[in-house]
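To start, the structure itself, in C-alpha cells.
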Ligand code: NAD
Ligand code: USQ
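In this note's numbering, the protein residues as written are 26 to 419.
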C-alpha cells in the first residue's frame, strides 16, 4: 500500500513510518517541525539525541535500501495539504500531526487557541483533501483514550447503544475530557464521523492510551534512527518521566493521590496497531473506533512498579495535583477490536527493566532536573490574551 504518515518526524510518527516501510509499504512523511519548535520554546530536548529528518531518512535508506518521500509543510495550510495528498496519492493516511500535550494546551489562552486551531483545522483540511482527491483513501486518525475522561460507567469502543424513554439508538460515546488538547481530539472525532456520514469517507479513529518506551525493532538498527524520548513536565508522559526521574535520583512525581487510572501501551504496539488498522481498512462511510491500549495502571501503581524495577532507594513524592481531574475513580474500558485483528501485546513487565530503564540509564547525563517538576497549572489563566509569540517574548 501507499501510506502517507502525517507527523512523521514525531515520537510515534517516525517509528511508525519505519515499521510500515519495513512491512513492505511505500511510505511518505509529512511534518511542519512544529514539535522541534516547542522544544526551543520550552528549553527542553529529547533525552535520547535525535538527528534531523533529512539525516534520518538517509539513515533508513542505508539501513533498508528503501526511500521515504518527505513533504515539509503545515496541515493548517489547505493548499499544501491538498497538493501533498494529490502528489503522493496514498491508499491510507495515518494522521499523527497534532499538538499533543495536555499541559502545553493549558499554559494560557494563546496555547489553548493554538492547539485547537492547529489540530481541528489541520484535520479538517485533511478531510477535504481526501474528499477532493480520492474519497476511497482510508484515514487512520490518532485519537486519545482521554477523550472519554473517567466516566462512572464502562467505556465502549467509540459507540454506545442507549435506550431512552423506551427508544434505542447507537450514538457516539459521550465524552468528558480533561484539557483543551483532549477536547481538540473530541472535536476531530465529531468532524471525522460527520465526513464519513456525509461524504462516504472511510475512517478509523484510534483512541490511543499513554505510550511508553522508545525503541522499536526498526529504530534499534542504528543510533541515527532513534525516536525522541520526552521526560519534561510538559511533553513527557507519566511512565517515561518516572523512569528518567528514577535513574536521576529525583523523587517520582505522583500528582494528587495517584489513583488516576489510564490505559497504556508499548511503543512497539503503537506501530503494530497502526499497521493492522491500515491493512484492514474501514468500509466506505464507516467511522470505526478502536481503543488502542493493552494494560491499565494507576499513577501510584506505575510509581510502585518503577521503584520495584529501579531500586528501593527511589523516593516517591505526592505532589499537589496541577491538573483538574479525578484522582480516585472507576475505570473499565473495552479494547478488543485490535486484538481480534491480530495484535499480540507487549507487557510492561517485559519492557520496564530491559528496555526503558536501560535506555534512561544510558542517557541520564542528558537530563535536565529543572524540567522534572510540574510547570503548568490548570486553574491558572495568566497571559489571557495575545499570540503564542508574544507570550514567548514576554
Ligand atoms: P509528537 O509531538 O512527537 O509528534 C507530532 C508530530 O506532528 C510532530 O513531529 C509535529 O511537528 C507534527 N505536527 C504537529 N502539527 C502539525 C501540523 N499542523 N502540520 C504538520 N505537522 C504537524 O507527538 P506523538 O507523541 O508522536 O503523538 C502523535 C499523535 O498520537 C498525536 O496526535 C497524539 O495526540 C497521539 N497520541 C500520542 C500519545 C503519546 O503517549 N505520545 C498517546 C495517545 C495519542
Ligand atoms: N501524572 C502524574 N505525574 C507526572 C505526570 C503525569 O501523576 O509526572 C498524571 C497526570 O496527572 C495524569 C496521568 O498521569 O493523570 C497521565 O498524564 P500524562 O501526562 O502521562 O498523559 P496525558 O496528559 O493524558 O497525555 C498523554 C499524551 C497525549 C495522549 C494521552 C493519552 O501526551 O498525547 O493523548 O497521553 S490518554 O491519557 O489516554 O488520553
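Glycine included, C-beta positions come from ideal geometry on N, C-alpha and C.
Between the C-alpha atoms of residue 357 and residue 214 there is a straight-line separation of about 21 Å. If you ignore the 5 residues before and after residue 404, its C-beta comes within less than 7 Å of the C-beta of 349, all in its own chain and listed in chain order.
The C-beta distance from residue 217 to residue 198 rounds to 14 Å, too long to fall under 8 Å, and the pair is not in contact. Between residue 236 and residue 292, the C-beta gap is smaller than 8 Å, which places the two residues in contact. Not one heavy atom of the ligand NAD is found less than 7 Å from the C-beta of residue 158.
A distance below 7 Å between beta-carbons, with the five flanking residues on each side excluded, links residue 234 to the following residues of its chain, in chain order: 170, 287, 288, 289, 290, 317 and 318. Per DSSP, the unbroken beta strand (DSSP E) holding residue 196 starts and ends at 192-197. The C-beta of residue 360 has 16 or more other C-beta atoms within 10 Å across all chains shown, which makes the residue buried.
From the listed residues 331, 337 and 260, the smallest Cα separation to residue 128 is found for 260. C-alpha of residue 238 to C-alpha of residue 74: approximately 15 Å in a straight line. Under the three-state reduction of DSSP output, residue 118 falls in the strand class. Taking one beta carbon from each stretch, the stretch 46-65 and the stretch 88-100 have 3 or more pairs nearer than 8 Å; the two touch. At least one heavy atom of the ligand USQ lies closer than 7 Å to the C-beta of residue 280. Between residue 332 and residue 342, the alpha-carbon positions lie close to 12 Å from each other.
Distances taken from the Cβ of residue 144 to the heavy atoms of the ligand USQ include none shorter than 7 Å. If you look at residue 397, you'll find it isn't in any alpha helix (DSSP H); DSSP assigns it neither H nor E. DSSP places residue 267 in the helix class (H, G or I) of the three-state scheme.
Secondary structure note for residue 97: it is in no alpha helix (DSSP H), and the uninterrupted beta strand (DSSP E) holding it is 94-97. Considered as a whole, the stretch 120-195 harbours 163-169 and 184-189 as its complete beta strand (DSSP E) runs of no fewer than 3 residues, in chain order.
Around the beta carbon of residue 104, fewer than 16 other beta carbons sit within 10 angstroms, so the residue counts as exposed. Around the CB of residue 167, 16 or more other CB atoms lie within 10 Å, so the residue is classed as buried. The beta carbons of residue 246 and residue 88 sit closer together than 8 Å.
The residue from 154, 386 and 79 with its alpha-carbon nearest to that of residue 109 is 154.
Straight through space, the alpha carbons of residue 339 and residue 101 are spaced by roughly 44 Å.
Here the alpha carbon of residue 355 sits roughly 44 Å from the alpha carbon of residue 114.
Between the stretch 252-259 and the stretch 61-73, the count of C-beta pairs closer than 8 Å reaches three or more; the two stretches touch. In this structure, residue 38 has its beta carbon less than 7 Å from a heavy atom of the ligand NAD. Going by C-alpha positions, residue 84 is about 30 Å away from residue 306. Distances taken from the Cβ of residue 353 to the heavy atoms of the ligand USQ include none shorter than 7 Å.
Taking non-hydrogen atoms of the ligand NAD into account, the C-beta of residue 108 is found less than 7 Å away from none of them.
By DSSP's assignment, residue 338 forms no beta bridge with any residue. The beta carbon of residue 44 is closer than 8 Å to those of 241, 242, 243, 296, 297, 299 and 300 in its chain, skipping five residues each way along the sequence. Within the stretch 302-374, complete alpha helix (DSSP H) segments of at least 4 residues are found at 324-335 and 362-365, given in chain order. The Cβ atoms of residue 272 and residue 385 lie closer than 8 Å to each other.
Judged by the Cβ position, residue 262 qualifies as a neighbour of the ligand USQ at the 7 Å threshold, a heavy atom of the ligand being closer than this.
When distances are taken from the beta-carbon of residue 346 to the heavy atoms of the ligand USQ, the shortest one is below 7 Å.
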